[in-house]
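Note sheet for the following structure.
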Amino acid sequence: MLPFLKIMLRNLVLGPSTDPFPFAPAKTHENFRGCAVHDPEKCILCGICRHVCAAGAIQIRASQDGSGMQYSLWHNSCVFCGMCAHYCPTGALTMSNNWHLAHTGAEMFSNCISNLIHFGECAQCGAKIQPRPQAIIDTLGVRSPDRFLLCPKCKRQSIGRNVAQPRSIHRQENL
Amino acid sequence: MLQLLCKLASRSPWIYRINAGSCNGCDVEMATTALIPRYDVERLGCKYCGSPRHADVVLISGPLTLRVRDKVLRVYNEIPHPKVTVAVGVCPVSGGCFRDGYTVGADIDHYIPLDVIVPGCPPRPQAIMEGILKAVEVWRARLEESVCCHS
Chain A
1 MLPFLKIMLR NLVLGPSTDP FPFAPAKTHE NFRGCAVHDP EKCILCGICR
51 HVCAAGAIQI RASQDGSGMQ YSLWHNSCVF CGMCAHYCPT GALTMSNNWH
101 LAHTGAEMFS NCISNLIHFG ECAQCGAKIQ PRPQAIIDTL GVRSPDRFLL
151 CPKCKRQSIG RNVAQPRSIH RQENL
Chain B
176 MLQLLCKLAS RSPWIYRINA GSCNGCDVEM ATTALIPRYD VERLGCKYCG
226 SPRHADVVLI SGPLTLRVRD KVLRVYNEIP HPKVTVAVGV CPVSGGCFRD
276 GYTVGADIDH YIPLDVIVPG CPPRPQAIME GILKAVEVWR ARLEESVCCH
326 S
């Protein structure tokens with residue numbers, strides 16, 4: 001009898017179910033996939049993010065003066081799939097939980113990430129190579145720290161030198 | 176009198192939805208912002224209307240496929256003048272993942288001026304409400320402008 005009384009009491013106790021968003025900040029889960037964030041300090045310009053981007057939101061172009069590459073990610077094309085962050089080998093691209101992206105039509109093309117990433121320099125000959133930031137040297141460059149900072153040509157020569165003397169090393173180890 | 180009307184009118188924009196060949200994701204989110212009590216858009220004074228001739232704020236979703244292009248433009252031209260266009264989702268702006276598809280012609284931007292853009296695929300209901308609030312500001316400015324032109 002009178003089943004609405006139970007519902008009425010429950011509604012009185014629980015309060016309104018409306019999300020008070022425009023007047024108070026909305027609850028956002030910390031794993032919510034919002035706009036992508038790019039850290040130019042960690043980017044090595046491998047281009048895997050551009051390769052996996054379903055919507056073609058990422059462009060990597062040579063800069064005018066040739067000192068690096070212009071990395072750009074247009075939020076108005078990004079579909080927040082998170083593939084770029086998943087495949088980024090260095091963690092330079094991450095998905096933040098920022099969803100406050102509404103903007104006016106005049107800001108259509110300025111609503112993007114645009115970073116200039118400078119090339120690295122070969123430790124021996126000074127040629128341009130992919131960027132080698134410290135964060136990458138600490139993770140990817142630990143296997144061969146001396147060779148990690150070389151351009152492909154110098155690296156080949158260095159490997160060639162090593163190949164010429166491997167047996168002596170092995171013999172020393174065997175003794 | 177006109178100024179009073181413009182002040183009052185900007186508190187209750189009527190919203191109209193156009194699906195320009197969208198995948199229905201954004202349409203579901205737009206229906207969600209209106210229909211369920213959790214993200215009640217009507218407490219901001221907004222109201223969804225069924226006829227383009229009553230509309231003030233237009234929400235457009237979808238990349239404007241070739242099949243609906245002429246129909247969308249016909250409906251859009253029926254909306255009375257100080258109108259504000261809100262692009263919901265990334266499709267109207269850039270085509271999103273349908274860009275360069277065989278059914279997608281030029282971006283919506285070539286045919287319809289977009290005033291507010293809510294990127295997302297789909298954007299969450301709160302983001303759409305944020306966009307609507309921005310659109311209402313734009314609409315208020317336009318109303319005041321047109322009142323000044325009249326008087």
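Those protein sequence lines, which keep their order, are chains A and B. As numbered in my numbering, the first sequence has no gaps in its residue numbers, which increase by one up to the final residue, 175. As numbered in my numbering, the second sequence has no gaps in its residue numbers, which increase by one up to the final residue, 326. The beta-carbon is built from N, C-alpha and C at its ideal position, and this holds for glycine as well.
Inset, instruction - State the Cα-Cα distance for the pair Thr28/A and Leu241/B, rounded to the nearest angstrom. - result: Cα-Cα distance, rounded: 37 Å.
Inset, instruction - Ignore the nearest five residues each way along the sequence and tell me which others in Asn76/A's own chain have a CB closer than 7 Å to its CB. - result: Met108 and Asn111
Inset, instruction - Assign Gly220/B to one of two classes, buried (16 or more other C-beta atoms within 10 Å of its C-beta) or exposed (fewer than that). - result: exposed
Inset, instruction - Identify whether Gly225/B lies in helix, strand or coil by the three-state DSSP scheme. - result: The three-state reading of DSSP puts Gly225/B in coil, since its state is none of H, G, I, E or B.
Inset, instruction - Please confirm if the region 286-304 of chain B is in contact with the region 262-275 of chain B, defined as three or more CB-CB distances below 8 Å between the two stretches. - result: yes
Legend entry - Secondary structure of Leu5/A, DSSP reduced to three states: helix
Legend entry - Under 8 Å between C-beta atoms of Leu239/B and Gly306/B: no
Legend entry - Best match in Lys155/A, Leu116/A and Asn97/A for proximity to Val37/A [C-alpha to C-alpha]: Asn97/A
Inset, instruction - Using a Cβ cut-off of 8 Å (strictly closer), state whether Thr104/A contacts chain B. - result: Closer than 8 Å: yes.
Inset, instruction - Grab me the residues of Met205/B's own chain with a C-beta within less than 8 Å of its C-beta, minus the 5 sequence neighbours each way, in chain order. - result: Arg192, Leu234, Ser236, Val263 and Ile303
Legend entry - Proximity below 8 Å, CB of Pro89/A to CB of Ile48/A: Taking 8 Å as the Cβ cut-off, Pro89/A and Ile48/A qualify as a contacting pair.
Legend entry - Proximity to Trp314/B [Cα-Cα], best of Gln178/B, Pro188/B, Asp275/B and Val250/B: Pro188/B
Legend entry - Validate contact between the region 213-231 of chain B and the region 12-29 of chain A using beta carbons, cut 8 Å, 3 pairs: yes
Inset, instruction - Evaluate the contact criterion for the region 145-160 of chain A versus the region 57-68 of chain A: three or more CB pairs, one atom per stretch, below 8 Å. - result: Touching, no.
Inset, instruction - Within the region 250-297 of chain B, note down every full alpha helix (DSSP H) run reaching 4 residues or more, in order along the chain. - result: 266-269
Inset, instruction - Measure the CB-CB distance between Ala102/A and Lys309/B and report whether it falls below 8 Å. - result: yes
Inset, instruction - Measure the alpha-carbon distance for Glu121/A versus Gln64/A and round it to whole angstroms. - result: 18 Å
Legend entry - Three-state class that DSSP yields for Trp99/A in the structure shown: coil
Inset, instruction - Report the neighbours of Ala26/A on chain B: residues whose CB is nearer than 7 Å to its CB, in chain order. - result: The answer, in chain order, is Gln301.
Legend entry - Whole-Å CB distance - Ile117/A paired with Tyr71/A, under 8 Å assumed: 6 Å
Inset, instruction - Determine, using beta carbons only, whether Thr18/A comes closer than 8 Å to chain B. - result: yes
Inset, instruction - Anything in the region 201-214 of chain B with a Cβ closer than 8 Å to a Cβ of chain C? List those residues in chain order, please. - result: The question asks about chain C, but that chain is absent: this structure's protein chains are A and B.
Inset, instruction - Kindly list, in the order they appear in chain B, the residues whose Cβ is closer than 7 Å to that of Gly56/A. - result: Arg274
Legend entry - Continuous alpha helix (DSSP H) stretch holding Leu183/B: start and end: Leu177 to Ala184
Inset, instruction - Report the partner residues of Ala36/A according to the DSSP bridge assignment. - result: According to DSSP, residue pairing for Ala36/A in a beta bridge involves Met95/A.
Legend entry - N- and C-terminal bounds of the alpha helix (DSSP H) containing Asn162/A: Pro152 to Ala164
Legend entry - Cross-strand partners of Ser72/A (DSSP beta bridge): Gln59/A and Ser114/A
Legend entry - Beta-bridge pairing of Glu121/A - partner residues as DSSP gives them: Lys128/A
Inset, instruction - State the start and end residues of the unbroken beta strand (DSSP E) segment that holds Val203/B. - result: Segment Gly200 to Leu210 is the alpha helix (DSSP H) holding Val203/B; no beta strand (DSSP E) there.
Legend entry - Run of the alpha helix (DSSP H) containing Val52/A, from where it starts to where it stops: Its alpha helix (DSSP H) spans residues Ile48 to Val52.
Inset, instruction - Output, in chain order, the set of chain A residues within a Cβ distance shorter than 7 Å of Gly306/B. - result: Those within 7 Å of Gly306/B in chain A are Ala102.
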